[in-house]
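Numbering (the numbering used here), first residue to last: 5 to 245.
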């Protein structure tokens, strides 16, 4: 790669970071507005304080994820380590439990028995699942109140490796829609209306975190659920390359 190509790639990355920051700023208006409204109430109950803490905690995690993403891009190659997918999904579910409860959304975990470890940068992978999970939880708020709200953090073996991501009962999520959303995020307020009425910053943050590990989110199916997942190579697969 010559100097011109390197410079062009750096500009492209800067542009993508700007778009991601715009989407994130739009996304964070929601929890910040909720926090502001609750603190203005004359009486604040312990339950309200818990809600404020959960909203603030999730906002900080999204910001941490963005900073981690920008650090990755400037640093270049990451050191990947064999990691069990189930442990990452479990930790992410634990950190999402509070915000899921606030949205009256159940969390489920599904991973096959004896799934091969994958080579990932664990901190980045967990941050990606956390951001993706938050977007799916928030998307449940637009569902019919009579419908049970559930998201599933899951992994399964696929033709190309291990698919790991977040799934729900959303309809209308397609590869073409997601491809268009990638080009619109940071420019449109609702780049992926079939999934969420927000800017979807968590989704595109997850995609950015995964890209440095040479994978991206794609539309995926897990049993009868639709979602977004990354394809990860197992440590055994990489040893054969």
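Even for Gly, the Cβ is constructed at its ideal location relative to N, Cα and C.
Quick test of the definition: if touching needs 3 or more C-beta pairs under 8 angstroms, does the stretch 46–59 touch the stretch 228–237? Between the stretch 46–59 and the stretch 228–237, the count of Cβ pairs shorter than 8 angstroms is below three; the stretches do not touch.
Contact belief for residue 237 with residue 72 at Cβ below 8 angstroms, rounded distance in angstroms: Contact flag wrong, Cβ pair sits at about 21 angstroms.
Going by other Cβ atoms of all chains shown within 10 Å of its Cβ, with 16 needed for buried, is residue 118 buried or exposed? exposed
Look at the alpha carbon of residue 19 and the alpha carbon of residue 187, and state the distance between them as a whole number of angstroms. 12 angstroms
Euclidean distance between Cα positions of residue 143 and residue 206: In this model, residue 143 and residue 206 are separated by some 11 angstroms (Cα to Cα).
Of the residues 77, 181, 127 and 75, the one placed nearest residue 84, counting alpha carbons only: 127
Buried or exposed for residue 169, please, with buried defined as at least 16 other CB atoms from any protein chain shown within 10 angstroms of its CB. buried
Can you have a look at residue 211 and say buried or exposed, based on whether 16 or more other CB atoms are within 10 angstroms of its CB? buried
Residue 123: first and last residue of the uninterrupted alpha helix (DSSP H) it sits in: Premise fails: residue 123 lies in the beta strand (DSSP E), 122–124, not in any alpha helix (DSSP H).
Between the stretch 25–32 and the stretch 61–78, do at least 3 Cβ pairs fall closer than 8 angstroms? Segments in contact, yes.
Near residue 121, which residues of its chain fall below 7 angstroms by C-beta distance, leaving aside the five closest residues on each side in sequence? These residues qualify, in order along the chain: 86, 87, 88, 238 and 239.
Here's the rule I'm using: 16 or more other beta-carbon atoms within 10 Å means buried, otherwise exposed. How should residue 46 be labelled? exposed
Contact set for residue 106: own chain, Cβ-Cβ below 7 angstroms, skip 5 residues either direction: 55 and 58
Would you kindly check if the distance between the Cβ of residue 75 and the Cβ of residue 216 is under 7 angstroms? Contact check for residue 216 against residue 75 fails: the beta carbons are separated by 7 angstroms or more.
Label residue 152 either buried or exposed according to how many other C-beta atoms from any shown protein chain fall within 10 Å of its C-beta, with 16 as the threshold for buried. exposed
Contact set for residue 93: own chain, Cβ-Cβ below 8 angstroms, skip 5 residues either direction: If the five residues before and after residue 93 are omitted, its C-beta is found closer than 8 angstroms to the C-beta atoms of 113, 115, 133, 157, 158, 159 and 168, all from its own chain and listed in chain order.
Residue 67 lies in the alpha helix (DSSP H); which residues open and close that run? 50–79
Identity of the residue in 51, 79 and 61 nearest residue 100 by Cα: When 51, 79 and 61 are compared, the shortest CA-CA separation from residue 100 is found for 61.
What separation, rounded to the nearest whole angstrom, lies between the Cα atoms of residue 223 and residue 183? 10 angstroms
Residue 200 and residue 108: beta carbons closer than 7 angstroms? No Cβ-Cβ contact shorter than 7 angstroms links residue 200 with residue 108.
Taking the alpha-carbon positions, what's the residue 98 to residue 111 distance? 9 angstroms
Would you mind listing the beta strand (DSSP E) stretches within the stretch 93–157 that are 3+ residues and don't spill past its ends, in chain order? The stretch 93–157 contains these whole beta strand (DSSP E) runs: 110–114 and 122–124.
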